[in-house]
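Trainee: The structure follows.
4 protein chains.
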Amino acid sequence: MEAIKVAILGASGYTGMELVRLLLGHPAAQITAATSRANAGRRIDGVFPRFAQLPGSQLTFIEPDMEAVAASGATVAFLALPHGTAAEYATSLLDKGIRVIDLSADFRLRKASVYEEFYGEAHPAPDLLDTAVYGLPEVHAGAIASASLVASPGCYPTSILLPLIPLLREELIDPSSIIANSLSGVSGAGRKADLSLLFVECNESMRAYGLPRHRHLSEIEQELSAAAGKTIVITFVPHLIPVNSGICTTTTTTLKGDLADVEHALRSTYENSPFVRLLGNEACPDTKNVTRTNFIDIGWQYDERTGRLLLLSAEDNLGKGAASQAVQSFNLMAGLPEMTGLSMV
Amino acid sequence: MEAIKVAILGASGYTGMELVRLLLGHPAAQITAATSRANAGRRIDGVFPRFAQLPGSQLTFIEPDMEAVAASGATVAFLALPHGTAAEYATSLLDKGIRVIDLSADFRLRKASVYEEFYGEAHPAPDLLDTAVYGLPEVHAGAIASASLVASPGCYPTSILLPLIPLLREELIDPSSIIANSLSGVSGAGRKADLSLLFVECNESMRAYGLPRHRHLSEIEQELSAAAGKTIVITFVPHLIPVNSGICTTTTTTLKGDLADVEHALRSTYENSPFVRLLGNEACPDTKNVTRTNFIDIGWQYDERTGRLLLLSAEDNLGKGAASQAVQSFNLMAGLPEMTGLSMV
Amino acid sequence: MEAIKVAILGASGYTGMELVRLLLGHPAAQITAATSRANAGRRIDGVFPRFAQLPGSQLTFIEPDMEAVAASGATVAFLALPHGTAAEYATSLLDKGIRVIDLSADFRLRKASVYEEFYGEAHPAPDLLDTAVYGLPEVHAGAIASASLVASPGCYPTSILLPLIPLLREELIDPSSIIANSLSGVSGAGRKADLSLLFVECNESMRAYGLPRHRHLSEIEQELSAAAGKTIVITFVPHLIPVNSGICTTTTTTLKGDLADVEHALRSTYENSPFVRLLGNEACPDTKNVTRTNFIDIGWQYDERTGRLLLLSAEDNLGKGAASQAVQSFNLMAGLPEMTGLSMV
Amino acid sequence: MEAIKVAILGASGYTGMELVRLLLGHPAAQITAATSRANAGRRIDGVFPRFAQLPGSQLTFIEPDMEAVAASGATVAFLALPHGTAAEYATSLLDKGIRVIDLSADFRLRKASVYEEFYGEAHPAPDLLDTAVYGLPEVHAGAIASASLVASPGCYPTSILLPLIPLLREELIDPSSIIANSLSGVSGAGRKADLSLLFVECNESMRAYGLPRHRHLSEIEQELSAAAGKTIVITFVPHLIPVNSGICTTTTTTLKGDLADVEHALRSTYENSPFVRLLGNEACPDTKNVTRTNFIDIGWQYDERTGRLLLLSAEDNLGKGAASQAVQSFNLMAGLPEMTGLSMV
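Protein chains in written order, with my numbering: chain A, 79 to 423; chain C, 79 to 423; chain W, 79 to 423; chain V, 79 to 423.
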């Protein structure tokens with residue numbers, strides 16, 4: 079089988095670097111273009127010595143020139159770019175017939191008005207919003223398979239949505255009671271020269287941030303509302319933790335139904351989802367078990383003293399929360415088995 | 079002024095070690111006895127090279143022999159021992175006229191039945207429960223000053239109680255809505271040879287644990303109920319985070335009153351509390367600002383979308399959560415200024 | 079092709095766990111037996127949730143019973159056991175016709191007397207020493223391929239030997255001038271419940287240890303002497319560093335020849351060695367580029383002010399320093415391409 | 079006693095921040111001016127919340143205006159500035175009669191030509207070089223006491239010089255054989271927004287850097303040569319390690335004299351040096367025992383197999399390697415006891 083030619087735009091951030099790692103090793107993909115303003119003209123294996131001697135790592139980063147991307151023969155492009163920027167390139171790439179998997183926030187929201195509310199600027203390409211598919215494969219696999227534009231979810235949303243969606247669909251919880259506390263590794267803040275991200279600033283430090291209305295709330299509430307069939311508003315508290323990668327989310331919500339129904343809803347929803355591991359009642363997922371994989375581990379517990387259900391999830395913010403989830407969508411779009419190229423350990 | 083002679087029982091755990099550090103440097107205290115089963119016969123500066131050349135660090139650890147403790151002239155004893163064990167020694171010390179500051183859970187609960195429910199064994203000295211004072215100086219300063227037996231609070235409870243108590247007293251929040259998510263450094267689990275506490279196991283790992291009914295819930299709910307004047311039950315989710323020390327707690331609760339009243343309640347309650355730093359609305363306390371101090375930093379935010387108040391606190395689990403808080407009580411008991419011997423930075 | 083059945087003895091330590099990871103993913107191997115005294119009766123995926131849902135991870139750990147290992151059909155056994163223990167099982171396995179790759183120190187030394195000198199006890203199976211091959215594939219590939227007993231090198235030795243051997247063979251350096259300073263991640267100390275390995279003890283800590291005569295000196299000097307054709311004695315200083323894995327070694331030695339000859343010797347020796355990456359003059363290898371791989375990265379610099387050559391190497395102590403190197407030997411023994419099953423990134 | 083008024087220039091870097099911490103707590107000093115280009119106009123406790131509620135932390139950072147510094151009444155100025163910049167301000171301050179403790183490299187070297195060789199630019203104030211005293215109190219206490227300009231040593235030099243100087247003076251080691259391998263925490267690289275210093279880049283990473291001729295070599299060799307009475311050239315290999323602070327140095331050198339003489343030389347040299355802790359033969363100093371103090375811990379071992387002496391030292395790069403050592407010099411200059419304001423634990 080001939081490899082599918084792919085491009086990575088914004089390939090020198092942490093998500094971009096993880097996409098490079100996964101796609102260099104993907105048996106059905108070939109990276110033909112990788113863009114990086116900061117590193118244009120340098121080879122991938124020069125910028126990232128970790129990849130030295132891997133076939134394909136000798137490729138040279140180019141400027142984000144969509145003509146050059148198209149000329150490379152790429153038929154699918156991964157966009158690991160800041161929001162706002164991504165939309166501009168996506169438009170151009172789609173015009174050239176290149177399918178786009180966008181890892182930014184630009185196409186995750188159905189309504190341009192919500193984008194403007196949460197991102198503080200007018201949506202850069204509102205006409206494309208109807209085209210885009212929210213790239214959560216466990217929920218939208220069919221639409222992803224045929225999409226020309228996939229909006230890959232944010233890291234926090236993935237960890238919050240997957241445990242909740244089956245319970246909302248079955249009306250097992252009180253939708254007004256949802257509170258999600260998430261802990262994120264530092265790579266989630268991106269690879270940028272910022273004093274607050276220095277080793278010395280983050281090490282031996284723990285803190286909440288981005289309160290009370292983190293941008294990811296917009297897509298979380300959109301997808302929860304879709305599952306519940308009505309508008310849902312939640313409380314979301316992200317925290318920054320001194321690990322390289324990983325997201326650990328604890329969601330509390332009032333149980334309406336029976337605990338056995340919770341387990342049944344989760345197991346039946348995900349029985350064919352190879353990347354969702356249901357650890358069962360009383361288990362506490364640990365991020366160290368999912369880093370560098372596309373797994374999300376989910377546990378749950380019932381607190382009979384308060385009537386609340388605790389939903390516990392762990393994923394890699396760069397993996398199931400970003401790059402490997404995008405590759406999972408790519409596999410669906412290419413008609414490949416969902417697990418192709420996604421190492422399991 | 080002659081120094082007050084003090085003993086530290088269980089001086090080679092992390093809390094004990096922090097007590098040694100603080101009391102070696104305390105201008106009005108002199109350590110005359112330090113017990114450690116594991117290190118009896120060895121000098122403090124041999125077991126903890128960090129303390130070498132500090133006056134007093136040449137003292138030799140002894141077995142936990144209460145006669146020897148009394149013979150050392152100690153008039154106050156700090157107990158940094160496992161629950162169950164502490165009660166036994168406390169009884170003996172009190173009989174000898176030695177005042178006791180117990181950092182274990184043994185005397186924190188008013189009711190032996192609650193102790194049995196949460197700790198799974200009969201209370202070892204129920205007769206002393208009426209005597210004991212819960213050692214949260216910001217709440218019980220007067221009683222602490224004259225107490226013979228102080229039950230110093232747990233690390234999690236301190237971080238949860240101080241932000242909530244003023245709001246419950248003023249009925250500003252819905253008591254049934256309280257959910258506390260706490261992140262703790264690894265020293266909170268104690269200094270014990272346990273596979274799960276190894277560097278390699280904890281590093282690059284984040285997880286919840288101890289669900290759904292952590293033992294500290296018992297004292298948290300006792301003190302919250304006392305503040306509210308009625309029984310309160312909360313949800314509490316502790317997490318283990320790869321830092322040496324620190325607790326970062328995010329508490330969510332439904333606001334009933336006005337946000338301005340929240341600020342007023344906190345500021346008026348703590349205006350004379352030198353160790354409570356109110357960072358104000360929209361601030362996110364960071365554990366790195368409080369480690370090795372007796373400070374607790376508190377911030378708050380109102381989430382108007384959900385009507386919930388977010389209370390954010392940061393302390394050092396070994397400091398305000400354990401050893402330095404116990405020294406604060408010691409200062410009160412000795413009639414010393416509250417801040418004596420408690421370095422502020 | 080039918081999978082080669084393999085056994086892992088001592089599969090629940092850090093090296094054993096890495097062997098499990100590699101061999102679960104190895105396309106030509108099947109784990110048929112995994113022993114662990116501590117975890118006998120539990121499934122691999124129960125002990126190591128990271129491996130859940132990987133084919134093969136449902137296997138149950140057994141006691142180290144060599145009859146059961148043989149009955150599983152294993153034709154190759156990996157021994158990740160303490161020295162002393164390994165020899166006993168190796169003898170039994172070899173008797174049963176099972177080829178052995180021993181990752182302990184038991185068969186690395188040619189002389190039982192040196193073993194006794196460095197390990198403080200009589201060699202447990204001196205008759206086997208002539209049979210064993212030192213499992214450094216870049217040096218002994220041919221002998222490994224046909225060996226029944228491979229003694230896989232220690233983590234420190236691998237990082238020290240590979241840069242030095244070509245230079246000693248070519249007599250480019252003064253053999254009496256070799257000083258190696260190595261930094262190791264904490265997993266190198268093993269997965270054992272030991273106070274000194276706790277997160278809180280290791281984090282924010284750096285120290286030398288094991289001076290002046292670390293056990294690994296014995297095999298380092300044996301192999302260096304073999305390369306030089308005369309007895310070599312070196313200084314070796316290991317340090318413990320708060321990272322999970324990785325070894326960073328800086329070796330200083332007086333240059334006798336020309337710097338260009340150094341580069342030529344290294345490049346010609348390793349031109350067909352896929353796991354040795356020569357970063358060139360002035361490069362400083364970083365452990366983060368080699369963790370979880372079988373690569374060793376090597377750089378060098380000449381200090382003209384002192385006439386000394388600096389050799390810099392980085393590897394994963396659990397990878398090229400232990401488990402993946404053992405799998406590399408396995409591949410040679412099985413007639414497979416050297417890189418089979420060894421992910422490169 | 080009236081407090082001595084002091085200024086800190088460059089007060090918002092890591093060294094500056096540590097100076098702020100120490101001088102806020104110093105019983106005989108009062109900070110009257112703190113400069114920071116980046117934070118001018120903001121209060122110290124706003125930039126560094128850790129210092130909130132400490133007396134003096136309400137001071138507002140000013141631009142580096144020497145007139146304003148003088149107008150604040152400061153009689154001593156600490157310069158925590160980049161080299162090159164420091165010299166310019168020092169000249170102005172000295173002209174105004176303000177004594178200067180410079181923590182940059184600008185006045186550490188006796189010869190402007192050596193400065194130019196190692197720092198790549200002409201010395202900015204060569205006339206002052208004769209005035210400056212190298213601020214290593216254990217070696218130059220007398221000169222420091224009366225100096226108007228103290229050049230406080232670099233972090234690496236302090237850890238290398240103190241163990242070696244007594245041995246060179248007594249001719250106990252071969253001066254041509256000195257090789258120092260140092261491990262530094264990340265704060266040593268400064269508080270600057272640089273990709274290579276991000277948490278994610280440094281965490282789980284170990285590497286050498288700055289080879290083969292780190293700038294600190296110039297002052298190391300100058301002071302070693304002074305002790306030996308002849309020119310000494312050494313090999314120095316610094317490494318970057320994922321801890322916030324600390325330097326761990328291992329120096330190897332060929333022993334000429336007797337091991338007992340080594341111990342005698344060290345003990346007699348430092349018997350009145352309260353901040354040098356000689357741990358004795360076979361001890362391995364650990365940085366965790368010295369962080370946030372002005373101690374340097376020194377151990378040593380003789381490797382009889384090679385005839386080499388191993389000198390092991392640990393200090394805090396921001397403490398004895400920078401800020402607290404500068405305060406130690408300040409104490410000497412002010413005629414205060416050497417330990418004033420320097421917490422010992």
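C-beta: ideal position from N, C-alpha, C; glycine also. Keep in mind that this is a model prediction, so the values were computed, not measured.
Counting only beta-carbon separations shorter than 8 angstroms, does G335/W have a partner in chain A?
Mentor: Position 257 of the third sequence, counted from the start, is the residue given in the question as residue 335/W. So no, G335/W is outside the interface.
Trainee: So with CB distances below 8 angstroms, who are the chain W contacts of Y287/V?
Mentor: Stepping through the fourth sequence from its first residue, residue 287/V is reached at position 209. Result: C362.
Trainee: Rounded to a whole number of angstroms, what is the C-alpha to C-alpha distance between E299/W and I312/W?
Mentor: Position 221 of the third sequence, counting from 1, holds the residue named residue 299/W. Position 234 of the third sequence, counting from 1, holds the residue named residue 312/W. So the two alpha carbons sit approximately 7 angstroms from each other.
Trainee: Answer yes or no: do I86/V and A118/V have a C-beta to C-beta separation smaller than 8 angstroms?
Mentor: As a first step, residue 86/V must be located in the fourth sequence, where it is residue number 8. As a first step, residue 118/V must be located in the fourth sequence, where it is residue number 40. No, they are not a contact pair.
Trainee: So F181/W and V423/A are in contact, right, with Cβ under 8 angstroms, and what is the actual spacing, rounded?
Mentor: Translated into positions along the third sequence, residue 181/W becomes position 103. Translated into positions along the first sequence, residue 423/A becomes position 345. The question names Phe, yet the displayed sequence has Leu at residue 181/W. Not a contact, Cβ separation roughly 20 angstroms.
Trainee: Quick check: what's the CA-CA separation for V192/V versus T209/V?
Mentor: Walking along the fourth sequence from the start, residue 192/V turns up at place 114. Walking along the fourth sequence from the start, residue 209/V turns up at place 131. Cα-Cα distance, rounded: 17 angstroms.
Trainee: Answer with yes or no whether the minimum CB distance from V154/A to chain V is below 8 angstroms.
Mentor: To locate residue 154/A, count along the first sequence from 1; it is residue 76. By this cut-off, V154/A is not an interface position.
Trainee: State buried or exposed for G399/A, treating a residue as buried only when at least 16 other CB atoms are found within 10 Å of its CB.
Mentor: In the first sequence, counting from the first residue as 1, residue 399/A sits at position 321. Classification of G399/A: buried, given that the 10 Å Cβ count is 16 or more.
Trainee: Which residues share a DSSP beta bridge with A392/V?
Mentor: Start at 1 with the first residue of the fourth sequence, and residue 392/V comes out as number 314. Bridge partners of A392/V: C326/V, D375/V.
Trainee: Can you tell which of I257/A, A107/A, R383/A, G124/A has its C-alpha closest to the C-alpha of A152/A?
Mentor: Here residue 152/A corresponds to residue number 74 of the first sequence, with the count starting at 1. A152/A has its Cα closest to that of A107/A, out of I257/A, A107/A, R383/A, G124/A.
Trainee: Check whether the Cβ atoms of I256/C and T331/C lie closer than 8 angstroms to each other.
Mentor: Counted from its first residue, the second sequence places residue 256/C at position 178. Counted from its first residue, the second sequence places residue 331/C at position 253. Closer than 8 angstroms, so yes.
Trainee: State buried or exposed for S346/A, treating a residue as buried only when at least 16 other CB atoms are found within 10 Å of its CB.
Mentor: Taking the first sequence and counting its residues from 1, one reaches residue 346/A at position 268. Looking at its Cβ environment, which holds fewer than 16 other Cβ atoms inside 10 Å, S346/A is exposed.
Trainee: On a CA-only basis, which of R128/C, H104/C, P142/C is nearest S114/C? Give me that one, please.
Mentor: Position 36 of the second sequence, counting from 1, holds the residue named residue 114/C. When only C-alpha atoms are compared, the closest one is P142/C.
Trainee: According to DSSP, simplified to helix, strand and coil, what is F156/C?
Mentor: In the second sequence, the residue the question calls residue 156/C occupies position 78. Strand.
Trainee: Helix, strand or coil for I319/A? Go by DSSP, reduced to three states.
Mentor: By one-based count along the first sequence, residue 319/A stands at place 241. I319/A falls in the coil class under three-state DSSP.
Trainee: Does Q300/V come out as helix, strand or coil in the three-state DSSP assignment?
Mentor: Here residue 300/V refers to the residue found at position 222 of the fourth sequence. Looking at Q300/V - three-state DSSP - the assignment turns out to be helix.
Trainee: Should G213/C be labelled buried (16 or more other beta-carbon atoms within 10 Å of its own) or exposed?
Mentor: Counted from its first residue, the second sequence places residue 213/C at position 135. Buried, by the Cβ-count rule.
Trainee: Contact check, N395/A vs G266/A under 8 angstroms by CB: the rounded distance?
Mentor: As a first step, residue 395/A is located in the first sequence; it is residue number 317 there, counting from the start. As a first step, residue 266/A is located in the first sequence; it is residue number 188 there, counting from the start. Correct: roughly 5 angstroms between the Cβ atoms.
Trainee: Please look up how many angstroms separate the CB atoms of L333/V and R386/V, rounded, as I've assumed it's under 8 angstroms.
Mentor: In the fourth sequence, residue 333/V corresponds to position 255, counting from 1. In the fourth sequence, residue 386/V corresponds to position 308, counting from 1. Yes, they are in contact, since the Cβ atoms of L333/V and R386/V sit about 7 angstroms apart, within 8 angstroms.
Trainee: Locate the beta strand (DSSP E) running through A227/W, then write down its first and last residues.
Mentor: On the third sequence, residue 227/W is found 149 positions in, with the first residue counted as 1. In the sequence under discussion, the amino acid at residue 227/W is Leu, which differs from the Ala named in the question. Per DSSP, L227/W belongs to the beta strand (DSSP E) from 227-229.
Trainee: Under three-state DSSP, which class holds I243/A?
Mentor: Here residue 243/A is taken as the residue at index 165 of the first sequence, counted from 1. Residue state, collapsed to three classes: helix.
Trainee: Measuring only the C-alpha atoms, how far is T110/V from H292/V?
Mentor: If you number the fourth sequence from 1, residue 110/V lands on position 32. If you number the fourth sequence from 1, residue 292/V lands on position 214. Cα-Cα distance, rounded: 35 angstroms.
Trainee: Grouping DSSP H, G and I as helix and E and B as strand, with all else coil, what is K366/C?
Mentor: For the purposes of this step, residue 366/C is identified with residue 288 of the second sequence, where counting begins at 1. Note: K366/C maps to helix in three-state DSSP.
Trainee: Counting only beta-carbon separations shorter than 8 angstroms, does V315/V have a partner in chain W?
Mentor: Your numbering for residue 315/V matches position 237 in the fourth sequence. Judged by the 8 angstroms Cβ criterion, V315/V is in contact with chain W.
Trainee: Indicate the three-state DSSP secondary structure (helix, strand or coil) for F196/A in the structure shown.
Mentor: Reading the first sequence from its first residue, position 118 is the one you call residue 196/A. Three-state result, F196/A: helix.
Trainee: Please confirm if the region 146-160 of chain A is in contact with the region 118-129 of chain A, defined as three or more CB-CB distances below 8 angstroms between the two stretches.
Mentor: With the cut-off at 8 angstroms, the region 146-160 of chain A and the region 118-129 of chain A do not touch.
Trainee: For S90/C, report the span of its beta strand (DSSP E) as first-last.
Mentor: Start at 1 with the first residue of the second sequence, and residue 90/C comes out as number 12. Where S90/C is concerned, there is no enclosing beta strand (DSSP E), given that its DSSP letter is neither H nor E.
Trainee: Below 6 angstroms CB to CB, which residues in the same chain sit around R355/A once its five sequence neighbours on both sides are set aside?
Mentor: The residue labelled residue 355/A in the question sits at position 277 within the first sequence. Around R355/A: F373, D375.
Trainee: Are the C-beta of R269/A and some C-beta of chain V separated by less than 8 angstroms?
Mentor: For this step, residue 269/A is matched to residue 191 along the first sequence. Yes, R269/A counts as interfacial toward chain V.
Trainee: Considering Cα atoms alone, identify which of I222/W, G268/W, H294/W, A146/W is closest to N322/W.
Mentor: For the purposes of this step, residue 322/W is identified with residue 244 of the third sequence, where counting begins at 1. Residue G268/W is the option with its Cα nearest to N322/W.
Trainee: Among the residues of its own chain, which have a CB less than 7 angstroms from the CB of G91/W, if the five just before and after it don't count?
Mentor: In the third sequence, counting from the first residue as 1, residue 91/W sits at position 13. Here the set comprises A158, G268, R269.
Trainee: If you follow the alpha helix (DSSP H) that A112/W is part of, which residue opens it and which one closes it?
Mentor: Residue 112/W sits at position 34 when you count from the first residue of the third sequence. First-last for A112/W: 107-113, but that is the beta strand (DSSP E), not the alpha helix (DSSP H).
Trainee: Is the CB of F129/A under 8 angstroms away from at least one CB in chain W?
Mentor: By one-based count along the first sequence, residue 129/A stands at place 51. Cβ-Cβ to chain W under 8 angstroms: yes for F129/A.
Trainee: Name the residue from G335/A, F185/A, L276/A whose alpha carbon lies nearest to the alpha carbon of L227/A.
Mentor: For this step, residue 227/A is matched to residue 149 along the first sequence. Out of G335/A, F185/A, L276/A, F185/A has the C-alpha closest to the C-alpha of L227/A.
Trainee: Taking all protein chains shown into account, do 16 or more other C-beta atoms lie within 10 angstroms of the C-beta of S230/W, making it buried, or fewer, making it exposed?
Mentor: Walking along the third sequence from the start, residue 230/W turns up at place 152. Buried, by the Cβ-count rule.
Trainee: Taking only three categories from DSSP, how would you classify F314/W?
Mentor: On the third sequence, position 236 is the one that residue 314/W refers to. The answer is strand: DSSP assigns F314/W an E or B state.
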